[in-house]
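Remarks on the structure that follows.
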Amino acid sequence: MKRITLTLMMCAVAVFGAKAQTKYLGGDISMLPVYEQNNVAYKDKSGEKQSDVLQFFGNNGWNAERVRLFVDPYSGVTHDATGCYQTLDYVAELGKRIKDHGQAFMLDFHYSDTWTDPGKHGLPKSWEGLTIDELKVKIYEYTKECLTALKEAGATPDFIQPGNEITTGMLWPTGGINGHGSNSWPNFAGYLKEAIKACKEVCPEAKIVIHTELHNYNMVKSFYSMLLTSYNSIQYDIIGLSYYPEYHGTVIELENLLNYLEQNFSSKEIMIVETGHGIKWHIPNGADTGYGLDEEGQKNFTAALITMLNRHEKVTGLFWWYPEDNGNNVKYNGESISWWNANLFNHSTGKPYAAFYEMINFRPEAAGINEGRITKDEGRSATYNLAGQRVGDDYKGIVIKNGKKIVR
């Protein structure tokens, strides 16, 4: 009996390890409320409609979700694409749902009225004309205001991105770096520092994610080196990467970068905060990945990526971008929603593609979770949430107890 007990204890330690070893799996689901308002049907592989999409994600191992936030997507000047709808009220409502489902919540500040990425970081319309010093005050005050409102709404973020894909800076032109805008690291670092200062004041437990993308691998290396050497007063916890194989090369190239980051920034966790692979057509100007533009190709890419990521202890997060894209003729405020080429749901059937079910393998401890059954709360053994963290009897959401899933 002692030997059996010891074995069970060792298994428990392996599965429900220290918080630092928790792995986070999920997606950027910023558009989910839009699809729900359009009465889009999300189904499981057997065709059964899911009344609670977040619970369905959780049942399949997802324990974290990401949501973007724009300053004023209705400014009327910079709104230039569908998908830029996420006001503070919108994010507060969705963020609370995520937290109520026992999942971790990653907040993605864009610091713009519209999309930001390496090719554009436009100022919010209401921030235009401000001086550099005034922008530092503004980004601090805005960040603090938003986080305070989210806390009050029951949507406290667990992870915060102060800027989206900031490889080339933020708040252009003055905050541009790496050949963009004024190409000023001091300005950019000043903005970033003030944003993080507000994060630490309002959400001291949240981990800070510095998010870049991989259009130039050497640029990414130099970016984090600058933070380490010249701007080490900027405190953050996680290196966040966007990785799309059609733009950013092979899984092997990504692994080479991960090896470099682990060796040179050993105190940081690493997360893939955006990824995806085409199911029917290429991203515009995207390269052939070699996996094929069909369900099997998407699944094979996902399997190859996860197999590689699971070789790296420092990699603690994997988020699919826009997995919730589903259904036809979806609209929001009268505007038609464009399709995403790497969606995880079949628009015709509402069922997930095979890659959705492949993703759970990023969290080996959760790989059997959807084989369990949901029961009423019973028994007195230890209870864990879907992130593998031990929780008390007052915890609300989906938990694991006596080897079974329980909804509280």
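Residue numbers 126 to 533, in my numbering, belong to the letters of the sequence shown in order.
No residue lacks a Cβ here, since even glycine has one placed at the ideal position from N, Cα and C.
None of the values given here were measured: they were computed from a predicted structure.
Considering only residues of the same chain and omitting the five flanking positions on each side of TYR385, which have a CB-CB separation below 7 Å? LYS346
Tell me the rounded alpha-carbon separation between LYS148 and VAL440. 8 Å
With three or more C-beta pairs closer than 8 Å as the rule, is the region 227 to 243 touching the region 277 to 293? yes
Using a 10 Å radius around the Cβ and a threshold of 16 neighbouring Cβ atoms, would you call TYR199 buried or exposed? exposed
9 Å is my cut-off, CB to CB: does THR414 come that close to chain B? Of the chains in the structure shown, none is chain B; there is only one protein chain.
For ALA467 versus TRP446, is the C-beta spacing smaller than 9 Å? yes
Count the C-beta pairs between the region 155 to 162 and the region 208 to 220 that are closer than 8 Å, then say yes if the count reaches three, no if not. yes
With a Cβ-Cβ cutoff of 9 Å, do VAL196 and THR273 count as a contact? no
Have a look at VAL547 and PHE390 and give me their C-alpha separation to the nearest angstrom. The question about residue 547 has no answer, for the chain in this structure spans 126 to 533.
Could you check what DSSP says for ARG222 in three-state terms: helix, strand or coil? helix
For GLY188 and GLN228, which I take to be in contact (beta-carbon distance under 8 Å), what is that distance rounded to the nearest angstrom? Note that residue 188 is Asn in the sequence shown here, rather than Gly. So it is a contact: roughly 5 Å between Cβ atoms.
Per DSSP, what kind of secondary structure is TYR349 in: helix, strand or coil? helix
Alpha helix (DSSP H) containing VAL159: first to last residue? 157 to 162
Inter-residue spacing [alpha-carbon to alpha-carbon] between ILE397 and LEU339: 11 Å
Starting from the N-terminal side, write out each stretch of the beta strand (DSSP E) that is 3 residues or longer and does not extend beyond the region 378 to 454. 394 to 400 and 440 to 446
Verify whether the separation of the beta carbon atoms of LEU317 and PRO287 is less than 9 Å. yes
Could you tell me which whole beta strand (DSSP E) segments of length 3 or greater appear in the region 205 to 282? 229 to 234
ALA467 - containing beta strand (DSSP E), residue span: From DSSP, ALA467 is part of no beta strand (DSSP E); its letter is neither H nor E.
Please return the same chain residues whose Cβ sits closer than 7 Å to the Cβ of LEU255, not counting the five positions on each side in sequence. LYS263
What is the DSSP secondary structure of HIS472, reduced to helix, strand or coil? coil
By the three-class DSSP mapping on this structure, what secondary structure does THR375 have? coil
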